[in-house]
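Number of protein chains: 2
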Amino acid sequence: MNEFDLIRRLTRSLPTNKSVVVGPGDDCALLDMGLPERLLLFKTDAVVEGVHFKAGTPPEKIGHKALGRCLSDVAAMAGTPSAVLVTLALPPTFEASVIEAMYDGMSALARRHDVAIVGGETTTNPERIVISVALLGWVARGKGILRSGAEAGDAIFVTGELGGSLAGKHLEFEPRVAEAVWLARHFQVHSMIDISDGLAGDLRHILKASRVGAELLAASIPISLEARRKAKAESAAKPPLLAALTDGEDFELLFTVASRDAVPLLDAWKKQFPKIPLGCIGKITASEGITIRDKQGVRPLTAHGYEHFS
Amino acid sequence: MNEFDLIRRLTRSLPTNKSVVVGPGDDCALLDMGLPERLLLFKTDAVVEGVHFKAGTPPEKIGHKALGRCLSDVAAMAGTPSAVLVTLALPPTFEASVIEAMYDGMSALARRHDVAIVGGETTTNPERIVISVALLGWVARGKGILRSGAEAGDAIFVTGELGGSLAGKHLEFEPRVAEAVWLARHFQVHSMIDISDGLAGDLRHILKASRVGAELLAASIPISLEARRKAKAESAAKPPLLAALTDGEDFELLFTVASRDAVPLLDAWKKQFPKIPLGCIGKITASEGITIRDKQGVRPLTAHGYEHFS
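Line by line, the protein sequences give chains A and B.
First residue of the first sequence? That's 50 in this note's numbering, and the numbers climb one at a time after it.
First residue of the second sequence? That's 50 in this note's numbering, and the numbers climb one at a time after it.
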């Protein structure tokens with residue numbers, strides 16, 4: 050049983066109540082707590098030493114990544130983060146200065162996004178560091194973007210460049226919070242997710258939630274310099290396109306809009322965010338599954354993103 | 050550096066914003082998200098295998114405890130829990146049926162308190178189980194009870210019986226959510242906390258936050274049957290009174306009210322919750338520190354509760 054099968058099994062019959070607008074299965078839970086114009090976003094995300102970062106990673110970067118992943122999930126719903134709680138589980142011999150450096154990394158990122166760190170907990174995990182961040186945010190009613198809204202014919206967009214994140218970006222990425230809020234304000238975005246499992250894996254989450262398929266254009270997928278470098282330097286490395294499709298931890302936005310909005314969106318984006326690439330990489334199809342079109346023609350995409358417990 | 054010193058150091062200069070009413074240092078964070086009549090409560094709590102429960106503990110009870118601790122913290126502020134997210138970090142060999150049983154334990158408790166489980170995450174922690182629960186709740190404006198409101202002359206109350214929790218109660222306690230809401234509705238409770246570190250340790254948190262002291266009456270401290278049994282059965286065990294003061298994980302409510310409210314409170318409580326003991330165990334004093342009065346007279350209490358990282 051892999052991670053996704055397990056989650057499906059666990060989430061079949063969870064307790065719910067009248068505050069729940071969206072429960073498990075999207076980037077954040079969406080709650081109606083009675084605010085007249087807003088819904089609340091609620092999210093947790095954990096990073097584990099040896100799984101999400103190596104022992105010896107500079108502690109500031111560990112802190113940055115732990116919070117950044119949560120902010121990226123808020124961005125995926127076009128939300129605004131408000132406050133976080135931080136749970137640190139640490140070997141008992143841990144040095145206070147290292148923990149402070151982790152908090153420095155989190156605090157710097159939190160300040161840039163006007164996010165309050167309102168507490169948390171330190172506890173013991175004898176063998177390795179675990180950091181879990183819980184986040185509370187909000188989104189204007191009607192502006193939250195789910196995974197389930199993609200429609201056949203939609204154009205598929207992705208920000209930034211993909212692949213090779215382990216070379217450094219996975220510890221240093223800036224979550225696309227402002228960009229996502231801008232998108233939701235100016236365009237009717239049908240579906241959105243942030244890329245953590247890899248373009249192919251996360252696109253599958255949108256497709257499954259929306260009961261549609263996708264055709265990708267191989268030549269349009271933005272491949273990072275790091276993925277190209279790695280493929281050149283290491284004969285056993287993934288080809289650059291496969292790295293862009295499957296490496297994961299890019300923390301870019303993947304979203305769909307009606308095809309008629311594609312050109313106006315590209316124009317407006319270029320004016321608003323001239324330094325951040327945005328590319329149309331394919332279209333949503335009525336038939337399920339992902340196909341990829343290149344010079345040789347169209348074929349099904351079988352590669353998929355990284356799964357825990359696989 | 051112990052846990053409390055570390056937390057003090059970490060929380061000196063955390064990012065804040067205009068939503069924060071109470072940040073780190075109380076049972077929950079208190080946030081103003083613009084609801085006209087309510088503030089939000091935000092809390093996380095983690096349990097770690099080998100620290101908070103033994104390997105081999107029935108998974109339903111682990112789940113119950115993980116959620117129960119968070120609910121107890123909400124009770125400590127007289128709040129009402131709404132929704133939780135669950136982060137499970139597990140050895141990769143874990144059986145799905147065991148994880149489901151943990152969720153069953155959490156779900157049963159959640160349903161009794163009308164709490165929705167709105168998602169979370171499973172990830173890998175190779176050596177041991179870590180469960181972190183993040184909770185969102187609310188409290189009516191003006192009804193949230195902090196640690197910092199105790200006043201000299203207040204009567205100190207505690208619910209239930211204390212000590213010997215490891216015999217079973219730490220896995221099975223029912224968080225005092227309804228009792229705390231009732232207290233805040235009917236009486237002016239000056240300060241409150243739930244007992245996790247032990248009566249002495251948690252009373253110190255109230256005293257420190259309120260800049261006061263306390264005198265306890267040894268004969269009035271409610272000692273559990275388990276603490277008495279253990280003292281009788283094991284010559285090396287703590288004396289029962291010391292167990293009640295320091296064992297911890299009782300998850301009872303410890304609170305203070307003006308002395309004039311003490312008798313009306315006891316009368317009303319007995320009618321409302323006839324099965325739950327409530328006892329007045331002493332009074333708040335202007336001079337700092339804790340003293341304990343018994344047949345031999347008054348002496349300072351030096352025993353203190355369990356601290357991580359000590």
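Don't be surprised by glycine CBs; every beta carbon is placed ideally from N, CA and C.
Hey, B:Val347 and B:Gln237 are a contact pair by Cβ (cut 8 Å); roughly how many whole angstroms apart? Walking along the second sequence from the start, residue 347 of chain B turns up at place 298. Walking along the second sequence from the start, residue 237 of chain B turns up at place 188. That belief does not hold up - the Cβ atoms of B:Val347 and B:Gln237 are roughly 28 Å apart, past 8 Å.
Would A:Thr93 and A:Ala183 be called neighbours here (beta carbons separated by less than 8 Å)? To locate residue 93 of chain A, count along the first sequence from 1; it is residue 44. To locate residue 183 of chain A, count along the first sequence from 1; it is residue 134. For A:Thr93 and A:Ala183, yes; Cβs fall inside 8 Å.
Write down the C-beta distance between A:Val135 and A:Val164 rounded to the nearest angstrom, noting that I regard them as a contact closer than 8 Å. For this step, residue 135 of chain A is matched to residue 86 along the first sequence. For this step, residue 164 of chain A is matched to residue 115 along the first sequence. The beta-carbon separation of A:Val135 and A:Val164, rounded to 11 Å, does not stay under the 8 Å limit for a contact.
Residue-level contact to chain B via CB, A:Val97, 8 Å cutoff: Your numbering for residue 97 of chain A matches position 48 in the first sequence. True, the Cβ-Cβ gap to chain B drops below 8 Å.
Using 8 Å as the threshold, is the stretch 183–203 of chain B in touch with the stretch 119–126 of chain B, meaning 3 or more CB pairs across them? yes
State yes or no: is the beta carbon of B:Ala150 nearer than 8 Å to at least one beta carbon in chain A? Working through the second sequence from its first residue, we reach residue 150 of chain B at position 101. Answer no: the Cβ-Cβ gap between B:Ala150 and chain A never drops below 8 Å.
Enumerate in chain order the residues of its own chain whose CB-to-CB distance from A:Tyr152 is below 7 Å, with the five nearest sequence positions on each side excluded. Locating residue 152 of chain A in the first sequence gives position 103, counting from the first residue. Hits under 7 Å: Gly112.
Specify the secondary structure class of A:Pro349 as computed by DSSP and reduced to three states. As a first step, residue 349 of chain A is located in the first sequence; it is residue number 300 there, counting from the start. It is a strand residue.
In this structure, what does DSSP give as the bridge partners for B:Lys92? Counting from 1 along the second sequence, the entry for residue 92 of chain B is found at position 43. B:Lys92 pairs with B:Leu184.
When the Cα atoms are used, what is the spatial distance from B:Glu356 to B:Asp54? Position 307 of the second sequence, counted from the start, is the residue given in the question as residue 356 of chain B. Position 5 of the second sequence, counted from the start, is the residue given in the question as residue 54 of chain B. In this prediction, B:Glu356 has a pLDDT of 42, which is less than 50 and means its spatial position is unreliable; what the coordinates show is noted afterwards. Using only the alpha carbons, I get a separation of about 11 Å.
Distance cutoff 8 Å, beta carbons only. Does B:Glu223 sit that close to anything in chain A? Here residue 223 of chain B refers to the residue found at position 174 of the second sequence. Chain A, which has no Cβ nearer than 8 Å to the Cβ of B:Glu223, makes this no.
Residue-level contact to chain B via CB, A:Val226, 8 Å cutoff: The residue labelled residue 226 of chain A in the question sits at position 177 within the first sequence. Not an interface residue.
What does DSSP give as the partner residue(s) for A:Lys332 in the beta ladder? Counting from 1 along the first sequence, the entry for residue 332 of chain A is found at position 283. A:Ala204 and A:Glu264.
Check whether the Cβ of B:Pro73 lies closer than 8 Å to any Cβ atom in chain A. The count along the second sequence starts at 1 and reaches residue 73 of chain B at position 24. So yes, B:Pro73 belongs to the interface.
Roughly how many whole angstroms lie between the Cα atoms of A:Cys77 and B:Ile180? As a position in the first sequence, residue 77 of chain A is number 28, starting the count at 1. As a position in the second sequence, residue 180 of chain B is number 131, starting the count at 1. Going by the C-alpha atoms only, they are around 19 Å apart.
Chain B within 8 Å of A:Ser131, Cβ atoms only: Numbered from 1 along the first sequence, position 82 holds the residue referred to as residue 131 of chain A. It does: the Cβ of A:Ser131 has a partner Cβ on chain B nearer than 8 Å.
Let's test the definition: count the other Cβ atoms within 10 Å of the Cβ of A:Ser336 and tell me whether it reaches 16, buried, or not, exposed. Here residue 336 of chain A is taken as the residue at index 287 of the first sequence, counted from 1. Classification for A:Ser336: exposed.
Buried or exposed by the 16-neighbour rule on C-beta atoms within 10 Å, applied to B:Pro271: Within the second sequence, numbered from 1, the residue matching residue 271 of chain B stands at position 222. The residue is buried, with at least 16 neighbouring Cβ atoms inside 10 Å.
Please go through the same chain and pick out, in chain order, the residues whose beta-carbon is closer than 6 Å to the beta-carbon of B:Leu248, but skip the five residues on each side of it. The residue given as residue 248 of chain B occupies position 199 in the second sequence. The residues are Leu211 and Leu294.
Limits of the unbroken beta strand (DSSP E) element including B:Ser240: Here residue 240 of chain B is taken as the residue at index 191 of the second sequence, counted from 1. Counting along the chain, the beta strand (DSSP E) containing B:Ser240 begins and ends at Val238 to Asp243.
Comparing alpha-carbon positions, which option in A:Ile325, A:Glu298, A:Pro107 and A:Pro313 lies nearest A:Cys119? As a first step, residue 119 of chain A is located in the first sequence; it is residue number 70 there, counting from the start. Of A:Ile325, A:Glu298, A:Pro107 and A:Pro313, the residue nearest in Cα terms is A:Glu298.
DSSP on B:Ser68, reduced to helix/strand/coil? Within the second sequence, the letter at position 19 stands for residue 68 of chain B. Three-state result, B:Ser68: coil.
Does DSSP put B:Tyr355 in a helix, in a strand, or in coil? Locating residue 355 of chain B in the second sequence gives position 306, counting from the first residue. Only weak support is given to the placement of B:Tyr355: the predicted model assigns it a pLDDT of 43, under 50, and the question is left unresolved by the model.
Out of B:Asn66, B:His219 and B:Gly117, which has the shortest C-alpha to C-alpha gap to B:Phe102? Along the second sequence, read from residue 1 onward, the residue named residue 102 of chain B stands at position 53. When only C-alpha atoms are compared, the closest one is B:His219.
What does A:Arg160 reach in chain B if we use C-beta pairs closer than 8 Å? Walking along the first sequence from the start, residue 160 of chain A turns up at place 111. What A:Arg160 touches in chain B: Pro64.
For B:Glu170, report the span of its beta strand (DSSP E) as first-last. If you number the second sequence from 1, residue 170 of chain B lands on position 121. Ala165 to Thr173 is the span of the beta strand (DSSP E), which, as asked, contains B:Glu170.
Look up A:Asp343 in the DSSP assignment and say whether it is helix, strand or coil. The residue given as residue 343 of chain A occupies position 294 in the first sequence. A:Asp343: strand per DSSP, three-state reduction.
Say whether the stretch 137–156 of chain A touches the stretch 67–76 of chain B, bearing in mind that this needs 3 or more beta-carbon pairs closer than 8 Å, one atom from each stretch. no
Throw me the rounded Cβ distance for the A:Ala159 and B:Pro64 pair, which I believe falls under 8 Å. The count along the first sequence starts at 1 and reaches residue 159 of chain A at position 110. The count along the second sequence starts at 1 and reaches residue 64 of chain B at position 15. Between B:Pro64 and A:Ala159 the Cβ distance is about 4 Å, and since that is below 8 Å, they are a contact.
For A:Gly338: DSSP bridge partner residues: To locate residue 338 of chain A, count along the first sequence from 1; it is residue 289. DSSP lists A:Gly262 as partners of A:Gly338.
Using a 10 Å radius around the Cβ and a threshold of 16 neighbouring Cβ atoms, would you call B:Ala268 buried or exposed? Indexing the second sequence from 1 puts residue 268 of chain B at position 219. B:Ala268 is exposed by the Cβ-count criterion.
Between which two residues does the alpha helix (DSSP H) holding A:Ser146 run? Stepping through the first sequence from its first residue, residue 146 of chain A is reached at position 97. Residues Ala145 to Arg161.
With a 10 Å radius around its C-beta and 16 neighbouring C-beta atoms as the bar for buried, classify A:Ala285 as buried or exposed. The residue you call residue 285 of chain A lines up with position 236 of the first sequence. That one is exposed.
How big is the Cα-Cα spacing for B:Thr60 and B:Leu79? Taking the first residue of the second sequence as position 1, residue 60 of chain B is located at position 11. Taking the first residue of the second sequence as position 1, residue 79 of chain B is located at position 30. Roughly 16 Å between the two C-alpha positions.
Chain B beta carbons: is any one of them nearer than 8 Å to that of A:Ile166? Here residue 166 of chain A corresponds to residue number 117 of the first sequence, with the count starting at 1. Chain B contact via Cβ: present.
Is there at least one Cβ from chain A nearer than 8 Å to B:Thr136's Cβ? Numbered from its first residue, the second sequence carries residue 136 of chain B at position 87. Under the Cβ distance rule, B:Thr136 counts among the residues neighbouring chain A, one pair being separated by less than 8 Å.
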